[in-house]
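Encoded as structure tokens, the structure appears first; notes follow it.
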Amino acid sequence: MRTRHLILAALLGASFAPAQVTFQRLLNAEKEPQNWLTYSGNLLGQRYSPLTQITAANVKNLELQWVYQVRSLEKFEATPLVVDGVMYTVQAPNDVIALDAATGRVYWIYQYIPSNDARPCCGRINRGLAILGDTLYMGTIDAHLIAIDAKSGKPLWNTVVGNPKAGYALTHAPLIVKDKVIVGVAGGEYGIRGYIAAYDARTGKEAWKFYTVPGPGEPGNNTWAGDTWKTGGGSVWVTGSYDADTNQTYWGIGNPGPDWNGDLRKGDNLYTDSVVALDADTGKLKWHFQFSPHDEFDYDSVQVPVLANVEWQGRPRKIMYWANRNGFYYALDRTTGQFLRGAPFAKVTWATGLDDAGRPVRAPGSYSTEKGVEIYPGNQGATNWYSPSFSPRTGWFYIPTWDNYSSIFAKLPVEYVEGRNFTAGAPQSIITGVRPGQIVTRKEEEGYGAIRAIDPRTGEKKWDFKMTDVTDSGVLTTGSDLVFAGGREGYFFALDARTGSLLWRMPLGGVVASGPISYMVNGKQYVSVNAGSGMFVFALKQ
Amino acid sequence: MNHWTIVCFALLFAVPAFAQHTFGQADIDDGARLFRANCVICHGPDGDKVSGVDLGHGKFRRATTNEDVENIIIGGIPGTAMPPHNFTEREAFTIVIYLRKMAELASDSATNGGDPARGQALFEGKGGCTACHNILGKGSRTGPNLSEIGLLRRGAEIQRSIVDPDAEIHLSNRSVRATTKGGEEISGRLLNSDTFSVQILDSKERLRTLQRADLRQYAIVEKSPMPSYKDKLSAAELTDVVAYLSSLKGAEAK
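Line by line, the protein sequences are chains L and V. Residue numbers 1 to 542, in our numbering, belong to the letters of the first sequence in order. Residue numbers 1 to 254, in our numbering, belong to the letters of the second sequence in order.
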């Protein structure tokens, strides 16, 4: 190319502009708090925004800036990304939308029509996107991974990750590590054999694959009786996290299959209900920690692994915090997987505690039966996929909690048929799981929701913000010690991160089933949350 | 619509859709197993957990005939949470007949020879039931509305509620008592509640929102406000009242 052409190209700009979001930017997300570059805001999974314009003193002056209403009746679970003033989100099931983050005006919509074979168990939903360079990545409910040009909204490649007819689906936001896009498959209610796989971000070619249920000859296969590993579940449906120091990527693994009857799959059923630490370059297992061995209560460990560097018993330590669906919270050494501390954070009856290695000590009579047995927490857990938050300022862990909540678990026989529900039971509870109602007439002792702050170093409960109904909302903490969250009642609210006192609330009239985010455009801090079928964006009154 | 079309419609609906399949109790049992294994996650064991749908009482949003329901079970409903399922037509059919059986049992009038007309007279007269209960606009609204109770409860359940009202108080039939900080005593039916407020129909039949912050005391009443009719009605009268209530199927289109 001659010099003149080079100059011309430089003047024209676009085609030679440097790729927008480098992996370095994702790694150092805290240096650009105006953006929200990954599902959890940073690769550590903290859902913490360093922004400080909105404070305890002025949060009462928040006012609505804009609303985006999706054309979908599904739950709106996506966390948006915000990159240099542009927001990207997903309208269920799989439409990607680029909007002006300050005004809500739409730049483009990419509509993907998933195959009618898609059969996600619990809603045709999507939880969000990943970005690298100028490319967005979306997993689809028919188990494809699609790369989309972030400027034009046109697809660049489309890779088949799993077979939707057999129940495989992608519902979580992918995770970018270096030059790879990492996703895991949902389908734990269909007897899938789960896996996490990495794809070349430029081509969509598979780079590695880790089965969450080990096959014959692999360590852990002996935790499955006979051939039950083939239908062992171990789904993945929430985004993992990444630690550059150890080059490990961490993922929470879902329930064993069948969900509610473990008679045939005798053994611990690794790596279901576990966290796995994988070498980010090769997908090789570095360590694992199983929260709920041989689970019959659907206690998916599908939570965001929250990574924090803290002072632990007098010395700096690289920690992973985990509030599990099984009702216990855990602190692990994330380099080795060593169990450091754990205790219930809500009412638990299936186990009396944890032993020195963090393994649950089962309570007598806490086993699923044909007749049914009442267990706390119930089937949806003491928390679930809803993002918790870690504030590096307070050092505390903020957990969306269901307390006093039980289900009656009864097991049934089941036979595996490809693509058919493989759950083997019918848990019953006064609180509905995936289809929340709009009417609540329960008493507190029949189950309630809370945003619960604990000091994870000591296990001490710092405060509770109790709600009459339970919550499917994630939690956001900010650099000015605010906590933003919502719940099924349709409120979006701000709490004081140190005291839990309510500072501001807004009724949005629909279930909050996603995690809030914060970002800044032109010097103005915004807070955004989904409720019902709308995305609501607030900022301070001018 | 001309007469010929009406006749066609009548024929279509009069011929039971079961005609194409024969079935027995074993098929219903198969359907029950498939339903419990595949449907209860979303629809609940009684089929009533998705709003606007009550499979156990024959209330569907989009389906009328058995074939409609079978098609939805197999094909799902694109754009909604209802996924496709790889059942054979026969399997889908067994689920449908199980649902129809549930509906049949639910609306089982269990009259046992009771006389609905006499029951109605007792309900409105000697029983004094309309002091609390409303049927199609008639009676007080302070108690549970009974306009379609025959669709919702079996005869035996209705009878139990009459003789032992505390035996089971449904979540939607709870009542509350509250005292405001100003000293006002309030009671009524609990309609809804959240972290900050409670919605009730008060004893004067007013829709009211109570702010929790304004209340000194607030409690859900443990016992039913309804007296037991165990000793107030003879066995024959009780059977008549149950027969009457079982016959109530809501405001049907005429």
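For glycine and all other residues, C-beta sits at the position ideal for the given N, C-alpha and C. Here the structure is a predicted model, which means the values were calculated and not measured.
For residue i, go through chain V and note every residue whose CB falls closer than 8 angstroms to its CB, in chain order.
{"i": "residue 440 (chain L)", "result": "192, 193, 194"}
{"i": "residue 117 (chain L)", "result": "84"}
{"i": "residue 189 (chain L)", "result": "41"}
{"i": "residue 489 (chain L)", "result": "194, 195"}
{"i": "residue 544 (chain L)", "result": "Any question about residue 544 (chain L) goes unanswered here, given that chain L covers just 1 to 542."}
DSSP three-state label for residue i, please.
{"i": "residue 172 (chain V)", "result": "helix"}
{"i": "residue 431 (chain L)", "result": "coil"}
{"i": "residue 121 (chain V)", "result": "helix"}
{"i": "residue 242 (chain V)", "result": "helix"}
{"i": "residue 234 (chain V)", "result": "coil"}
{"i": "residue 71 (chain L)", "result": "coil"}
{"i": "residue 213 (chain L)", "result": "coil"}
{"i": "residue 158 (chain L)", "result": "strand"}
{"i": "residue 65 (chain L)", "result": "strand"}
{"i": "residue 294 (chain L)", "result": "coil"}
{"i": "residue 493 (chain L)", "result": "strand"}
{"i": "residue 364 (chain L)", "result": "coil"}
{"i": "residue 127 (chain L)", "result": "coil"}
{"i": "residue 476 (chain L)", "result": "strand"}
{"i": "residue 455 (chain L)", "result": "strand"}
{"i": "residue 498 (chain L)", "result": "coil"}
{"i": "residue 180 (chain L)", "result": "strand"}
{"i": "residue 248 (chain V)", "result": "coil"}
{"i": "residue 135 (chain V)", "result": "strand"}
Note down, in chain order, every chain L residue with its Cβ under 7 angstroms from the Cβ of residue i.
{"i": "residue 220 (chain V)", "result": "443"}
{"i": "residue 169 (chain V)", "result": "Under the 7 angstroms cutoff, chain L gives no residues; its nearest Cβ is about 10 angstroms from residue 169 (chain V)."}
{"i": "residue 174 (chain V)", "result": "441"}
{"i": "residue 45 (chain V)", "result": "426, 428"}
So, residue i versus residue j, is the Cβ gap smaller than 9 angstroms?
{"i": "residue 186 (chain V)", "j": "residue 169 (chain V)", "result": "no"}
{"i": "residue 538 (chain L)", "j": "residue 63 (chain L)", "result": "yes"}
{"i": "residue 394 (chain L)", "j": "residue 477 (chain L)", "result": "yes"}
{"i": "residue 49 (chain L)", "j": "residue 519 (chain L)", "result": "yes"}
{"i": "residue 368 (chain L)", "j": "residue 349 (chain L)", "result": "no"}
{"i": "residue 212 (chain L)", "j": "residue 271 (chain L)", "result": "yes"}
{"i": "residue 288 (chain L)", "j": "residue 267 (chain L)", "result": "no"}
{"i": "residue 173 (chain L)", "j": "residue 141 (chain L)", "result": "no"}
{"i": "residue 72 (chain V)", "j": "residue 89 (chain V)", "result": "no"}
{"i": "residue 96 (chain L)", "j": "residue 153 (chain L)", "result": "yes"}
{"i": "residue 256 (chain L)", "j": "residue 234 (chain L)", "result": "yes"}
{"i": "residue 522 (chain L)", "j": "residue 102 (chain L)", "result": "yes"}
{"i": "residue 195 (chain V)", "j": "residue 466 (chain L)", "result": "yes"}
{"i": "residue 100 (chain V)", "j": "residue 145 (chain V)", "result": "no"}
{"i": "residue 19 (chain L)", "j": "residue 104 (chain L)", "result": "no"}
{"i": "residue 186 (chain L)", "j": "residue 237 (chain L)", "result": "yes"}
{"i": "residue 455 (chain L)", "j": "residue 396 (chain L)", "result": "yes"}
{"i": "residue 472 (chain L)", "j": "residue 75 (chain L)", "result": "yes"}
{"i": "residue 226 (chain V)", "j": "residue 140 (chain V)", "result": "no"}
{"i": "residue 175 (chain L)", "j": "residue 274 (chain L)", "result": "no"}
Below 9 angstroms on C-beta distance, what does residue i contact in chain L?
{"i": "residue 81 (chain V)", "result": "73, 74, 75, 120, 122, 123, 124, 125, 434, 435"}
Could you tell me how far apart the beta carbons of residue i and residue j are, in whole angstroms, since I believe they sit closer than 8 angstroms?
{"i": "residue 377 (chain L)", "j": "residue 327 (chain L)", "result": "5 angstroms"}
{"i": "residue 56 (chain L)", "j": "residue 482 (chain L)", "result": "7 angstroms"}
{"i": "residue 374 (chain L)", "j": "residue 411 (chain L)", "result": "That pair is no contact at about 14 angstroms."}
{"i": "residue 193 (chain L)", "j": "residue 225 (chain L)", "result": "No, residue 193 (chain L) and residue 225 (chain L) are not in contact; Cβ-Cβ is about 15 angstroms, not under 8 angstroms."}
{"i": "residue 146 (chain L)", "j": "residue 37 (chain L)", "result": "Actually they do not touch by this definition, with Cβ atoms about 19 angstroms apart."}
{"i": "residue 181 (chain L)", "j": "residue 137 (chain L)", "result": "5 angstroms"}
{"i": "residue 363 (chain L)", "j": "residue 345 (chain L)", "result": "Incorrect: roughly 17 angstroms between the Cβ atoms, too far for contact."}
Give me the chain L residues within the contact set of residue i, using Cβ-Cβ distance strictly less than 8 angstroms, ordered along the chain.
{"i": "residue 40 (chain V)", "result": "426"}
{"i": "residue 78 (chain V)", "result": "116"}
So which residues on chain V does residue i lean against when the C-beta distance must stay under 9 angstroms?
{"i": "residue 469 (chain L)", "result": "193, 194, 195"}
{"i": "residue 419 (chain L)", "result": "84, 85, 86"}
Residues of chain V with CB closer than 7 angstroms to the CB of residue i, please, in chain order.
{"i": "residue 218 (chain L)", "result": "Going along chain V, no residue has its Cβ under 7 angstroms from residue 218 (chain L), so there is no contact; the nearest lies around 30 angstroms."}
{"i": "residue 423 (chain L)", "result": "37, 41"}
- Whole beta strand (DSSP E) elements within the stretch 381-448 of chain L, 3-residue minimum: Counting only runs of at least 3 residues, the stretch 381-448 of chain L fully encloses the following beta strand (DSSP E) elements, listed from N- to C-terminal order: 397-403, 407-409.
- Query: In the stretch 48-122 of chain V, which residue ranges form an unbroken alpha helix (DSSP H) of at least 4 residues, counting only runs that do not cross its ends?
  - Reply: Restricting attention to alpha helix (DSSP H) runs no shorter than 4 residues, the stretch 48-122 of chain V encloses them at 66-75, 89-106, ordered along the chain.
- Message: Just to confirm the assignment: which complete beta strand (DSSP E) runs, minimum length 3, are found wholly within the stretch 23-101 of chain L?
- Response: Every beta strand (DSSP E) of 3 residues or more that sits fully in the stretch 23-101 of chain L is shown, in chain order, as 62-69, 81-83, 86-91, 95-100.
- Message: Which runs of the beta strand (DSSP E) at least 3 residues long sit entirely within the stretch 155-213 of chain V? Give them in chain order.
- Response: Within the stretch 155-213 of chain V, complete beta strand (DSSP E) segments of at least 3 residues are found at 175-180, 185-193, 197-202, 207-211, given in chain order.
- Item | Continuous beta strand (DSSP E) assignments of at least 3 residues falling wholly in the stretch 265-351 of chain L | Qualifying beta strand (DSSP E) stretches, in chain order: 274-279, 285-290, 306-312, 315-323, 328-333, 339-344.
- Message: So within the stretch 219-274 of chain L, which uninterrupted alpha helix (DSSP H) runs reach at least 4 residues, ignoring any that extend past its ends?
- Response: Within the stretch 219-274 of chain L, no complete alpha helix (DSSP H) run reaches 4 residues.
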